[in-house]
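*Asks:* Here's a structure for you.
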Amino acid sequence: MYLILIRRVGSACARRGMRGGAQFDLGSGRKSLDELISDMGRGLLVTELIGFGVNAVTGDYSRGAAGFWVDQGEIQFPVDEITIAGNLKQMFKNFSDVGTDVDTRGNVRCGSILINEMTFAGD
Numbered sequence: 505m506y507l508i509l510i511r512r513v514g515s516a517c518a519r520r521g522m523r524g525g526a527q528f529d530l531g532s533g534r535k536s537l538d539e540l541i542s543d544m545g546r547g548l549l550v551t552e553l554i555g556f557g558v559n560a561v562t563g564d565y566s567r568g569a570a571g572f573w574v575d576q577g578e579i580q581f582p583v584d585e586i587t588i589a590g591n592l593k594q595m596f597k598n599f600s601d602v603g604t605d606v607d608t609r610g611n612v613r614c615g616s617i618l619i620n621e622m623t624f625a626g627d
């Protein structure tokens, strides 16, 4: 279905003496962001993640986020001060689709990702 490529290319040591991935390329899917939003039906379109909160050993994470609430496949209103929490392994298992809107700036290249199930909380 989709291939994740991580390649080390002359990367310098990170803070704890480990080398980080130099390139992450998830590629592009076949649907536009608007089509992914329509397919979502009801959920959260995350446009910003805040802070650092991933446990590299267990994959557990908790991050602040902001974005837009989606209902009936259409953006309804902005949301902020919410928290997204879960486990990276479970999140990767719940990838449903990848959008064509690939951001090619920098060393991370990926379209928007539609995830079937996530836990989030906020007012």
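According to the numbering used here, the residues represented by the sequence shown are 505 to 627, in order.
C-beta: ideal position from N, C-alpha, C; glycine also.
#1: Going by DSSP in three states, F556 sits in which element: helix, strand or coil?
#2: Pick from F624, M622, Q594, F599: whose alpha carbon is nearest that of S616?
#3: CB-CB under 6 angstroms to V574, same chain, minus the five flanking residues each way: which ones, in chain order?
#4: Please check the pair V558 and L592, which I expect to be a contact at CB under 8 angstroms, by giving their CB distance rounded to whole angstroms.
#5: Just tell me which of C614, Q580, M595 has its CA closest to the CA of G603.
#6: Rounded to a whole number of angstroms, what is the C-alpha to C-alpha distance between R534 and D601?
#7: Could you spell out the range, first to last residue, of the beta strand (DSSP E) harbouring S566?
#8: What first and last residue would you give for the alpha helix (DSSP H) that runs through S542?
#9: For I473, which residues in the same chain have their Cβ closer than 8 angstroms to its Cβ, ignoring the five residues on either side in sequence?
#10: By the 10 Å Cβ neighbour count, where 16 or more other Cβ atoms means buried, how is A625 classified, buried or exposed?
#11: What is the residue span of the alpha helix (DSSP H) that M595 lies within?
#12: Which residue marks the beginning of the beta strand (DSSP E) containing V612, and which one marks its end?
#13: Since S532 contacts V606 with CB under 8 angstroms, what's their CB separation in whole angstroms?
*Replies:* Short version:
#1: F556: coil per DSSP, three-state reduction.
#2: F599
#3: I541, M544, G547, L549
#4: 7 angstroms
#5: The residue with the shortest Cα to Cα distance from G603 is C614.
#6: About 8 angstroms.
#7: 564 to 575
#8: 537 to 544
#9: Nothing can be reported for residue 473, as the shown portion of the chain is limited to 505 through 627.
#10: exposed
#11: 592 to 597
#12: 612 to 614
#13: 5 angstroms
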